Amino acid sequence: MSARFTLVDSTLRDGSHAVSHQFTEAHVRDVVRALDAAGVPVIEVSHGDGLGGASFNYGFAAVDERTLLEVAAEALDQAELAVLLIPGIGVAEDLHDVRDIGATVARIATQCTEADIAEQHIGVAKDLGMTAVGFLMMAHMLEPQELLEQAKRMESYGADAVYVTDSAGALTIDGVRARVGTLAAGLSCGVGVHAHNNLQLAVANSLAALEEGADWIDACARGLGAGAGNTPMEVLVATCDKLNIVTGVDTFKIMEVAEEIVAPIMERPQIVDRAGLLLGYAGVYSSFLLHAERAAERFRVDLAELLIELGNRKLVGGQEDMIVDVAAGLATASAAAQHTG
Amino acid sequence: MTTVGCSIIGSGNIGSDLMYKLQGSSTLDLKAVVGIDPTSEGLARARSLGLRTSHDGISWLLERHADLGVQIVFDATSAKVHARHAPLLEQAGLTAIDLTPAARGPAVVPTVNLGVHVDASNVNLITCGGQATIPIVAAVSRVCPVPYAEIVSTVASVSAGPGTRSNIDEFTRATASGLESLAGAACGKAIILLNPADPPILMRNTVYCGLPDDADLDLIRRSIEEMVQDVAAYVPGYRLRAAPIFDEGPYVTPSGPVSTRVTALLEVEGAGDYLPTYAGNLDIMTACAVRVGELVAQSRLTTEVSA
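Chains as they are written, first to last, in our numbering: chain E, 251 to 591; chain S, 46 to 352.
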């Protein structure tokens, strides 16, 4: 019996945030081979911020993503290769090159309120014969009906599926249910969920999404991803196994991938510490975490205070430059208070 | 003659804001606003200012520009439409100042190359992000080589219209190209983000420049601060949020490893002539258009006097 949904691994894309984009060719080769052998059907490889994300703003990569994609394409056997593209950061032209390298799935992500900037890119992906998946990021910022309106636009541009992307890991189980259910009822194309574990709800949210009809679910080995991490692939697969939900992925093989291949690469475990928790609590884009830690240290401000203020400012994905702005502002305010106090 | 006649094509938000800005010009005399929609509020506003208007588009203007005394035409339509207008305006001997991304002629950034293309028949203003950031990169490159420059423009969702939204890629490409060809960076990158926060955010621009090892950081800081003042002279709401910030890498940029970078955090608050103040991205375009138009006009007037 085959799976009724598609599992997408983002260890080598969302996970890139967790390693400050320092994946090597060897990392990619080993992880892709192992995921592929475990039966993972779609494997995403790109800079954490998508194609063209290597930058001062998000961090430069140790190895050019084209090279990593070539390595991945070579290491694959049965799985499909996916890429992420955020219009405004990467350009539609980037899809031509990666398609030639072997990518067949293009995930086009926008801030959930701005689906219309992706029309060009979804169109190009379809013209290139790729599966086009729309990502509505920071999905907690829109109510289900409004999210559906944006999703419908992506569908009209040709998207084969649209994701409820919980970039801040801020959605509760009911929040995911409502959004997935509304999209599943209102769209003809597929519906996906990309969960972050900042509130420790990623696995539960993913299971709830499946119950509501989601046909695409993202996960990462050991949850390696931005913020407190993503849905841990091995935990989701093992749990589905116990629930008799077919995933197409071998439970023990994926456990091995997580334990033997990915865990050794990780600089630190994906736990929900205070900073990770605050991302979900305050609604902060998960990839801000490491940048915020550095800014807090550099400007000598409290990390928790910084994260809460980032949430108050309603920043969206990509606005890493504002972290320095807010931290500098907090430092100045604090210095002023000390002088007057 | 102490003024040069001009006209605006495009009666939307940008055209309207431009119209109000031109009322205060001492060298440009706005004669007419032209559009294609008879019910256009922009055209009605123009009429209330006593201006000639037409909803017959560019053809109306081409028929009577000589009678009106129009020499300079501001095109605030769209890239596709201006592409059609450009050759027609050139044939008619009119100078076009293009506020769209059509980029038919050379690009102009007032504080960088204002005088260079004063006799060109068609000049464009690149993008709002370009106008906001190219001066800063130029301020650095006049002090030391800039191997890599990167900018991040963030605008309020409500001030990004359909034109911007369907041309995001062109925005990043045109701006990056400007960082290289006008601002002097060996390699440039541009990022644009839309933020839906309510109340709408002011336009933000972050400029990063990779620096050579021996760069004089103090000189760079002062150069940036001086440039900000120069831009603020025609875009009053243009300001630094903090003093330029220097960081040690190393950074593995597309131009090779770089050990130091400077970050300039900028904000552009619109003047509010017609557009709301959060639309600094649109305001900087109209302010630049007026600045460029006035220079072209001044040059014409000087030529006449000496002829």
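Just so you know, even glycine gets a beta-carbon here, dropped at the ideal spot from N, CA and C. These figures come from a predicted structure and were not determined experimentally.
(message) Quick test of your reading: S:V154 and S:I181, contact by CB under 8 Å. State the CB separation rounded to the nearest angstrom.
(response) Actually they are not in contact, since the Cβ atoms of S:V154 and S:I181 sit about 11 Å apart, beyond 8 Å.
(message) So for E:S266, helix, strand or coil by DSSP?
(response) helix
(request) Rounded to whole angstroms, what's the CA-CA distance from E:H390 to S:P321? Just pull it up for me. (result) 28 Å
(request) Go through its chain and collect everything with a Cβ distance to E:F310's Cβ below 6 Å, but skip five positions before and after it. (result) A304
(request) Consult DSSP for E:V512 and reduce its assignment to one of helix, strand or coil. (result) Reduced to three states, the DSSP call for E:V512 is helix.
(message) Rounding to the nearest angstrom, what Cα-Cα distance links E:L527 and E:Y308 in this structure?
(response) 21 Å
(message) Can you look up S:K234 in the DSSP assignment and give me helix, strand or coil?
(response) strand
(request) Take the Cβ of E:A365 as the centre, count every other Cβ of all protein chains shown within 10 Å, and call the residue buried at 16 or more, exposed below. (result) buried
(message) Run through chain S and tell me which residues come within less than 8 Å of E:P337, C-beta to C-beta.
(response) I213, D214
(message) Applying the 10 Å Cβ sphere with the 16-neighbour rule, what's the burial state of E:H444?
(response) buried
(message) Counting C-beta neighbours from all protein chains within 10 Å, is the total for E:R349 16 or more, i.e. buried, or is it exposed?
(response) buried
(message) Quick check on this structure: which residue in E:E324, E:V426, E:A554, E:A411 has the alpha carbon closest to the alpha carbon of E:S417?
(response) E:V426
(message) So E:T363 contacts chain S; which residues on that side make the cut at Cβ distance below 7 Å?
(response) S202, P241
(request) Assuming S:G255 contacts S:V297 (C-beta within less than 8 Å), just tell me the rounded distance between them. (result) Not really, about 10 Å apart at Cβ, beyond 8 Å.
(message) With the cut-off set at 8 Å, would you say S:T220 and S:I171 are in Cβ contact?
(response) yes
(request) Indicate whether at least one CB of chain E lies closer than 8 Å to the CB of S:E406. (result) Nothing about residue 406 of chain S can be reported from this structure: the residues present for chain S run from 46 to 352 only.
(message) Measuring straight from C-alpha to C-alpha, what distance separates E:G419 and E:L378?
(response) 32 Å
(request) Establish whether the CB of S:V273 and some CB of chain E are separated by less than 8 Å. (result) no
(request) Compare the C-beta of E:Q569 against all C-beta atoms of chain S and say whether one is closer than 8 Å. (result) yes
(request) Starting from S:H100, follow the alpha helix (DSSP H) in both directions and report where the run begins and ends. (result) That residue, S:H100, is in no alpha helix (DSSP H); it is neither H nor E in DSSP.
(request) Go through its chain and collect everything with a Cβ distance to E:R283's Cβ below 6 Å, but skip five positions before and after it. (result) A325
(request) May I have a chain-ordered list of the alpha helix (DSSP H) segments no shorter than 4 residues that lie completely inside the segment 57-95 of chain S? (result) 58-67, 86-93
(request) Could you check if E:Q395 is buried or exposed, using at least 16 other CB atoms within 10 Å of its CB as the buried criterion? (result) That one is exposed.
(request) Closer than 7 Å by C-beta to S:I237: which residues in its own chain qualify, once you throw out the five before and the five after it? Chain order, please. (result) G174, S198, I213, F216, T217
(request) Would you mind working out which of S:A165, S:T156, S:D120 sits nearest S:G138, comparing C-alpha positions? (result) For S:G138, the nearest C-alpha among the options comes from S:A165.
(request) Can you have a look at E:M251 and say buried or exposed, based on whether 16 or more other CB atoms are within 10 angstroms of its CB? (result) exposed
(request) With DSSP as the reference, label S:M272 as helix, strand or coil. (result) helix
(message) Strictly under 8 Å for the Cβ-Cβ distance: is S:V88 near chain E by that measure?
(response) Inspection of the sequence shows that residue 88 of chain S is occupied by Leu rather than by Val. So no, S:L88 is outside the interface.
(request) Please name the residue or residues paired with E:A359 in a DSSP beta bridge. (result) Its beta-bridge partners are E:F385.
(request) Give the DSSP-derived three-state secondary structure of E:N455 in the structure shown. (result) DSSP places E:N455 in helix when its eight states are reduced to three.
(request) Would you list, in sequence order, the uninterrupted alpha helix (DSSP H) runs of no fewer than 4 residues that lie entirely inside the segment 281-325 of chain E? (result) Taking 4 residues as the minimum length, the alpha helix (DSSP H) runs contained wholly in the segment 281-325 of chain E are 315-325, in order along the chain.
(message) Let me check one thing: in DSSP terms, what residues is S:C254 bridge-paired to?
(response) S:A194, S:V307
(request) Consider the Cβ of S:Y253: report whether some Cβ of chain E lies at a distance smaller than 8 Å. (result) yes
(request) Kindly indicate which residue of S:S300, S:Q343, S:D275, S:S52 has the alpha-carbon position closest to the one of S:A177. (result) S:D275
(request) Can you pull the chain E residues whose beta carbon is under 8 Å from the beta carbon of S:I236, in chain order? (result) S305, N307, G338, I339, G568
(request) Indicate the three-state DSSP secondary structure (helix, strand or coil) for E:Q450 in the structure shown. (result) Looking at E:Q450 - three-state DSSP - the assignment turns out to be coil, as it is neither helix nor strand.
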